[in-house]
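Participant:
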Amino acid sequence: MEKSKSEIIMSFLKKRRSMLAAKLNDPGPSKQQLDDIITAGIRVPDHGRCSPWNVKIISKEGQKKLGKFLSEIFEKNNQFEKKEQIDYWYNRPQSAPCLLVISFNPKEDNLSKIPLIEQKLSCGAFCQNILNASHALGFSAQWLTEWPAYNTEVKKFLGYREVTKILGFIYIGTSSETPKERKRANLSDIVTYFS
Numbered sequence: 002m003e004k005s006k007s008e009i010i011m012s013f014l015k016k017r018r019s020m021l022a023a024k025l026n027d028p029g030p031s032k033q034q035l036d037d038i039i040t041a042g043i044r045v046p047d048h049g050r051c052s053p054w055n056v057k058i059i060s061k062e063g064q065k066k067l068g069k070f071l072s073e074i075f076e077k078n079n080q081f082e083k084k085e086q087i088d089y090w091y092n093r094p095q096s097a098p099c100l101l102v103i104s105f106n107p108k109e110d111n112l113s114k115i116p117l118i119e120q121k122l123s124c125g126a127f128c129q130n131i132l133n134a135s136h137a138l139g140f141s142a143q144w145l146t147e148w149p150a151y152n153t154e155v156k157k158f159l160g161y162r163e164v165t166k167i168l169g170f171i172y173i174g175t176s177s178e179t180p181k182e183r184k185r186a187n188l189s190d191i192v193t194y195f196s
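For the sequence shown, my numbering assigns the number 2 to the initial residue and increments by one for each residue that follows.
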């Protein structure tokens with residue numbers, strides 16, 4: 002018996018799993034596919050239509066420049082680290098064909114009506130939709146922060162103000178393997194009822 006659309010969608014959502022950025026290869030999304038992914042991203046709850054997110058698409062050349070910068074910063078701040086760790090940060094931004102940087106840009110003039118937390122949650126939902134849309138198009142993706150998201154020198158290098166919050170680096174590409182399943186919370190541990 003053929004599955005209904007809703008069964009297919011629910012099955013997809015219940016099995017969604019990120020793939021490690023280091024295991025993402027070409028091809029990445031085309032420009033049109035990336036536009037579709039970002040368009041799906043904005044279909045999130047957004048109280049007051051704040052759109053408190055910004056997407057920076059890092060080109061292959063930009064990924065290389067970012068990798069060079071990260072490795073230099075890492076080496077400067079961790080002088081006793083091994084060369085493998087420094088090389089790791091050189092390669093990290095280049096590990097997938099597509100790299101997006103998602104930043105949080107709250108609408109300060111709306112804070113009396115739309116609290117900061119609501120705007121930040123909307124931005125998090127935006128990131129989740131980017132992952133879901135990537136997977137729906139047959140790609141794999143991973144959403145990471147790691148130290149570069151919190152480093153003021155990295156923010157400046159990427160053209161952000163010091164106060165900008167980077168909510169994540171989203172890596173998108175094609176995986177030749179199935180991601181390993183991981184243990185999830187039991188519903189009985191996270192769901193309660195109030196009558």
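The beta carbon of each residue, even a glycine, is placed where N, CA and C say it ideally should be.
Nearest CA to the CA of residue 106: which residue from 76, 47, 141 and 88?
Facilitator: Selected option, being the one with the closest Cα: 47.
Participant: Does the region 11-29 come close enough to the region 140-148 to have 3 or more Cβ pairs within less than 8 Å?
Facilitator: Contact holds: three or more Cβ-Cβ distances are below 8 Å.
Participant: Is the Cβ-Cβ distance between residue 58 and residue 35 less than 8 Å?
Facilitator: Yes, the Cβ-Cβ distance between residue 58 and residue 35 is below 8 Å.
Participant: Go through the region 82-139 residue by residue and report every complete run of the alpha helix (DSSP H) that reaches 4 residues or more, in order.
Facilitator: Listed in chain order, the complete alpha helix (DSSP H) runs (minimum 4 residues) inside the region 82-139 are 84-92 and 117-137.
Participant: Helix, strand or coil for residue 45, going by three-state DSSP, please let me know.
Facilitator: Coil, per DSSP.
Participant: Using DSSP bridges, identify the partner residues of residue 58.
Facilitator: Partner(s): 101.
Participant: Here's the rule I'm using: 16 or more other beta-carbon atoms within 10 Å means buried, otherwise exposed. How should residue 53 be labelled?
Facilitator: Buried: at least 16 other Cβ atoms inside 10 Å.
Participant: By the DSSP assignment, the alpha helix (DSSP H) with residue 170 in it spans what residues?
Facilitator: No alpha helix (DSSP H) contains residue 170, which is instead part of the beta strand (DSSP E) from 166-174.
Participant: Report the three-state DSSP secondary structure of residue 150 (helix, strand or coil).
Facilitator: Reduced to three states, the DSSP call for residue 150 is helix.
Participant: Residues in the same chain with beta-carbon distance under 7 Å from residue 69, minus the five sequence neighbours each way, listed in chain order, please.
Facilitator: Counting only Cβ-Cβ distances below 7 Å, and skipping sequence neighbours, we find 91.
Participant: Would you call residue 207 buried or exposed, if buried means 16 or more other Cβ atoms sit within 10 Å of its Cβ?
Facilitator: Residue numbering for the chain in the displayed model covers 2 to 196; residue 207 lies beyond these limits and cannot be assessed.
Participant: Would a C-beta distance cut-off of 8 Å place residue 133 and residue 45 closer than the cut-off?
Facilitator: Result no, Cβ atoms of residue 133 and residue 45 do not sit closer than 8 Å.
Participant: Alpha carbon to alpha carbon, how far is residue 12 from residue 89? Give it in angstroms, no decimals.
Facilitator: Each residue's alpha carbon lies about 35 Å from the other.
Participant: Are there 16 or more other CB atoms within 10 angstroms of the CB of residue 93, so buried, or fewer, so exposed?
Facilitator: Label assigned to residue 93: buried.
Participant: Report the three-state DSSP secondary structure of residue 79 (helix, strand or coil).
Facilitator: Looking at residue 79 - three-state DSSP - the assignment turns out to be coil, as it is neither helix nor strand.
Participant: State the beta-bridge partners of residue 143 as determined by DSSP.
Facilitator: Partner(s): 172.
Participant: Return yes when the Cβ of residue 86 is within less than 8 Å of the Cβ of residue 64, no when it is not.
Facilitator: Cβ atoms of residue 64 and residue 86: not closer than 8 Å.
Participant: Exposed or buried, which one is residue 49 when buried takes at least 16 other CB atoms within 10 Å?
Facilitator: The residue in question, residue 49, is exposed, as its Cβ has fewer than 16 Cβ neighbours within 10 Å.
Participant: Kindly identify the DSSP beta-bridge partner or partners of residue 187.
Facilitator: BP columns for residue 187 are empty, so no partner.
Participant: Taking its Cβ as the centre, do 16 or more other Cβ atoms sit within 10 Å of residue 144, making it buried, or is it exposed?
Facilitator: Answer is buried; the Cβ neighbour count reaches 16.
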